[in-house]
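Engineer:
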Amino acid sequence: MERFDCRRSVYSLMGSLGIYRLQGSLIEAELESYLCALALVQEELSTLWRDMYIQTASEETVARYERLLSLPFNPKLTLERRRELIIYRLSVAQSDFTHEGMLASLRAAGLHSQLIEHPAEERLEVVFLELLGEFTTLDKLKAMIGKMLPAHLEYELVIGEMTWVDFEEKGWDCDRFDERDFTWEEFDLAGDML
Numbered sequence: 001m002e003r004f005d006c007r008r009s010v011y012s013l014m015g016s017l018g019i020y021r022l023q024g025s026l027i028e029a030e031l032e033s034y035l036c037a038l039a040l041v042q043e044e045l046s047t048l049w050r051d052m053y054i055q056t057a058s059e060e061t062v063a064r065y066e067r068l069l070s071l072p073f074n075p076k077l078t079l080e081r082r083r084e085l086i087i088y089r090l091s092v093a094q095s096d097f098t099h100e101g102m103l104a105s106l107r108a109a110g111l112h113s114q115l116i117e118h119p120a121e122e123r124l125e126v127v128f129l130e131l132l133g134e135f136t137t138l139d140k141l142k143a144m145i146g147k148m149l150p151a152h153l154e155y156e157l158v159i160g161e162m163t164w165v166d167f168e169e170k171g172w173d174c175d176r177f178d179e180r181d182f183t184w185e186e187f188d189l190a191g192d193m194l
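Residue 129 in our numbering sits at position 129 of the sequence shown; the count goes up by one each step and never skips.
#1: Consult DSSP for residue 159 and reduce its assignment to one of helix, strand or coil.
#2: Considering residue 131, what are the terminal residues of the beta strand (DSSP E) in which it resides?
#3: List the DSSP bridge partners of residue 111.
#4: Counting only runs of 4+ residues fully inside the segment 17 to 83, write out the alpha helix (DSSP H) ranges in chain order.
#5: Less than 8 Å between the CB atoms is what I'm expecting for residue 133 and residue 71, so what's the real figure, rounded?
#6: Apart from the five residues on each side of it in sequence, which residues of its chain come closer than 7 Å, Cβ to Cβ, to residue 85?
#7: Look at residue 54 and residue 87 and say whether their C-beta atoms are less than 8 Å apart.
#8: Determine the extent of the alpha helix (DSSP H) in which residue 140 is found, giving its start and end residues.
#9: Does residue 152 come out as helix, strand or coil in the three-state DSSP assignment?
#10: Based on the DSSP output, what are the partners of residue 117 in its beta bridges?
Right, here's the structure in full:
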């Protein structure tokens, strides 16, 4: 959106009348004082306009949305990624209990996943693919998933496994693992990405 130049517009309109001396006069001083106040209003309106849309919202507005939506704050996430999580969260409706809708709900919870349905058992398997948000514990992740899925269905979170062979392929031994500053729970959540 093109920014409106109040100063240019006012001087153009006043000058076109031909009855005001705008250079070095009291009229110019009066106009400048009005324009200073209007510049502040214009700046606030620009901020309001920018923050009206999540895609362009400021860091402060994004933080407000995160608090409002109970999204955990992660300083490692870019502002763009945080905006994306807010958009996912706001796109979830109560009627979104189709397969696609539940996947969108899980994205809104901060988890990119695959969903395997077991209708006869009234159960879902949520297969972890990527963590979009930041969760400090597996319990917090499970709680967030539980909020987003239909309450009448049980679910199982499948986060995969890492064997000792995988561990050794990364060139890790117990000492090297201990040097890394993370807990076993963090390893459970993102072991293959550490």
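Glycine included, every Cβ here is placed at the ideal spot set by N, Cα and C.
Structural biologist: The relevant details are as follows:
#1: Coil.
#2: Taken as a continuous stretch (DSSP letters only), the beta strand (DSSP E) holding residue 131 covers 123 to 131.
#3: Residue pairing of residue 111 in beta bridges, as defined by DSSP: 131.
#4: Complete alpha helix (DSSP H) runs here, min 4: 26 to 51, 59 to 68.
#5: Contact flag correct, Cβ pair sits at about 7 Å.
#6: For residue 85, where only same-chain residues beyond five positions count, the Cβ hits under 7 Å are 71, 110, 132, 133.
#7: Result yes, Cβ atoms of residue 54 and residue 87 sit closer than 8 Å.
#8: Looking at the DSSP string, the run of the alpha helix (DSSP H) that includes residue 140 is 138 to 148.
#9: The three-state secondary structure of residue 152, taken from DSSP, is coil.
#10: The secondary-structure analysis by DSSP pairs residue 117 across a beta bridge with 124.
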